[in-house]
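In our numbering, the protein residues as written are 5 to 336. By construction, the Cβ of each residue, glycine as well, lies at the ideal position given by its N, Cα and C atoms. Below: one structure, written as structure tokens.
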């Protein structure tokens, strides 16, 4: 129905500019690495698995354009610090470039293979995640985890979509996801495109909604999963996990194994991206705070494994993830 990212033989990396949704669907052409890095930084393209794909194509773009590939790899990998997929995608395709002696065709083939793997992973995520959905389920999700953020149909949203297609989803609750409204702008747009019955709510209303027996399951994605099972995801995820645990509502993380980072042992090793304060202090270009008021704007928060009911990956479902379970999952 829509393509969030694809390769053009111009050459260029083509993006559906997510900063323009839902008002208009505009394709953005990134003809060089600098423009792709800019698109990543300003969230024209976002979502951990999709950033990995973008990073891979970015290396292919640098090779095709005759840019300095090592510099391109550094700039791409450091465009955003938290989502591990971005660095993994860059490293993987850069290795193919190096091992092939700089062959453009081999480099592009590696990027396309990465893209295909993420598409296949999304399909498997939906299959495994669907086993956790009871008929008539009312699901709450946070941020955006559909085709705008991943390969295929998505991670957490992909499970909700599969449940909708199977006739098991009664309703999807969509958290608005302040400050940039990825839920209200993007997830609701995808839900409407697929005909999923849904309702948008402000982030501050989620706890009240959950306390009134209107949510059966919380489904979220992940930007990095540490070796001990700690999940870095869009800020607000941790609060939802705390409330869900208190109320006895299953809290499920859906993410491809590419999001697991065994080099990150625990929460303290995860760099949480801090974004510009103006994302909080302004809205639609208008100042909404006193001009001299500072703002704290972390893009992500960290949810301990002990609050997670299950982790869904393309390799299966891991109940109550911990260090041993994560290691076994990755080794499958």
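Nearest residue (CA-CA) to residue i, options the options
i, options, result
"residue 314", "119, 125, 47 and 136", "136"
"residue 81", "87, 91 and 65", "91"
"residue 59", "249, 47, 72 and 83", "83"
"residue 126", "334, 13 and 164", "164"
"residue 121", "216, 155 and 138", "155"
"residue 319", "326, 11 and 334", "334"
"residue 174", "140, 238, 124 and 185", "140"
"residue 102", "67, 85 and 79", "67"
"residue 89", "61, 73, 71 and 106", "61"
"residue 138", "312, 274, 119 and 166", "166"
"residue 3", "207, 131, 117 and 186", "Outside the displayed span of the chain (5 to 336) sits residue 3, for which this structure offers no information."
"residue 70", "29, 172, 16 and 193", "16"
"residue 12", "28, 33 and 186", "33"
"residue 261", "77, 197, 124 and 63", "124"
"residue 185", "42, 207 and 291", "207"
"residue 223", "29, 269 and 311", "311"
Cβ shell of residue i (< 6 Å), same chain only, five flanking positions each side left out
i, result
"residue 153", "51 and 54"
"residue 329", "322"
"residue 149", "158, 159, 160, 161 and 225"
"residue 191", "148 and 178"
"residue 307", "235, 241, 242 and 245"
"residue 266", "231"
"residue 98", "63 and 77"
"residue 4", "Given a span of 5 to 336 for the chain in the structure shown, any question on residue 4 remains unanswerable."
Span of the beta strand (DSSP E) around residue i
i, result
"residue 238", "235 to 238"
"residue 31", "31 to 34"
"residue 96", "From DSSP, residue 96 is part of no beta strand (DSSP E) but of the alpha helix (DSSP H) over 88 to 103."
"residue 307", "304 to 307"
Boundaries of the alpha helix (DSSP H) in which residue i is found, first to last residue
i, result
"residue 194", "192 to 197"
"residue 215", "210 to 215"
"residue 252", "From DSSP, residue 252 is part of no alpha helix (DSSP H); its letter is neither H nor E."
"residue 324", "Element bounds for residue 324: n/a, residue is neither H nor E."
Residues of its chain near residue i, where Cβ-Cβ distance is below 7 Å and the 5 sequence neighbours each way are ignored
i, result
"residue 281", "298, 299 and 301"
"residue 7", "20"
"residue 10", "18"
"residue 304", "86, 227, 236, 237, 238, 239, 276 and 277"
"residue 264", "229, 330 and 334"
"residue 104", "110 and 111"
"residue 211", "247"
Assumed close pair residue i, residue j - CB separation to whole angstroms, cut-off 8 Å
i, j, result
"residue 40", "residue 23", "Contact flag wrong, Cβ pair sits at about 15 Å."
"residue 176", "residue 195", "6 Å"
"residue 93", "residue 56", "3 Å"
"residue 234", "residue 271", "4 Å"
"residue 107", "residue 65", "So it is not a contact: roughly 15 Å between Cβ atoms."
"residue 296", "residue 309", "Not confirmed; about 40 Å, so no contact."
"residue 316", "residue 25", "That pair is no contact at about 26 Å."
8 Å CB neighbourhood of residue i in its chain, flanking five on each side removed
i, result
"residue 188", "178, 180, 181 and 204"
Heavy atom of the ligand HEM within 6 Å of residue i beta-carbon
i, result
"residue 134", "For the ligand HEM, the structure offers nothing, since it holds no ligand at all."
Problem - Segment contact, 8 Å Cβ cut-off, at least three pairs: the segment 105 to 113 with the segment 136 to 145 - result: no
Handout entry: Stretch pair the segment 171 to 188 + the segment 248 to 263: three plus CB contacts closer than 8 Å
Key = no
Exercise for the section: Please determine if the segment 283 to 296 and the segment 245 to 255 are in contact, where contact requires at least 3 C-beta pairs separated by less than 8 Å. Expected result: no
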